[in-house]
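Numbering (this note's numbering), first residue to last: 8 to 134.
The beta carbon of each residue, even a glycine, is placed where N, CA and C say it ideally should be.
First up is the structure itself, then whatever we jot down about it.
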């Protein structure tokens with residue numbers, strides 16, 4: 008499957024654009040953060056099936072390949088299961104693009120806590 012050509016992801020993006028007024032967002036893909044976000048979702052779609060859901064061994068491979076330095080014990084099977092269970096609202100033992108977004112936000116918050124000390128504390132240069 009070609010990365011970025013996922014019908015489930017495309018439908019999610021279309022529904023998001025329908026819910027958010029056009030003047031409230033801009034899809035500028037040339038900024039560093041937007042490139043990073045696009046890269047994260049493109050990577051997710053490499054592991055997701057045709058239905059847009061990553062399940063079982065594919066979820067394990069995805070998490071171990073991409074979050075090994077953020078997650079404690081990423082190679083332990085229970086670690087990935089617990090992370091997936093935390094966002095798996097459908098209880099299908101997999102994650103779709105919306106659930107991946109939730110998981111990704113949680114990992115970003117964990118990274119921010121480690122990087123800055125407190126997730127909601129702004130990072131400022133030394134004075």
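- [ ] With DSSP as the reference, label residue 79 as helix, strand or coil.
- [x] Three-state result, residue 79: coil.
- [ ] Evaluate residue 113 with the Cβ neighbour count: other Cβ atoms within 10 Å of its Cβ, from every protein chain shown; 16 or more gives buried, anything less gives exposed.
- [x] Taking every protein chain shown into account, the CB of residue 113 has fewer than 16 other CB atoms within 10 angstroms, so this residue is exposed.
- [ ] Assuming residue 74 and residue 84 form a contact by the criterion Cβ under 8 Å, report the distance between their Cβ atoms to the nearest whole angstrom.
- [x] That belief does not hold up - the Cβ atoms of residue 74 and residue 84 are roughly 15 Å apart, past 8 Å.
Task: Outcome for residue 100 when other beta-carbon atoms lying within 10 angstroms are tallied against a minimum of 16 - done: exposed
Task: 8 Å CB neighbourhood of residue 63 in its chain, flanking five on each side removed - done: 100 and 101
TODO: Provide the residue span of the alpha helix (DSSP H) that contains residue 73, from first to last.
DONE: Residues 63 to 73.
TODO: Give the secondary structure of residue 101 by DSSP, where H, G and I count as helix, E and B as strand, and everything else as coil.
DONE: strand
TODO: Name the two residues that bound the continuous alpha helix (DSSP H) containing residue 50.
DONE: 39 to 54
TODO: Measure the beta-carbon distance from residue 61 to residue 69 and round it to whole angstroms, keeping in mind my assumption that it falls under 8 Å.
DONE: With a Cβ gap of about 6 Å, residue 61 and residue 69 count as contacting.
TODO: Rank 92, 98, 78 and 67 by C-alpha distance to the C-alpha of residue 117 and give the top, closest one.
DONE: 78
- [ ] Could you have a look at residue 115 and say whether DSSP puts it in helix, strand or coil?
- [x] helix
- [ ] Please report how far the alpha carbon of residue 54 lies from the alpha carbon of residue 37, in whole angstroms.
- [x] 24 Å
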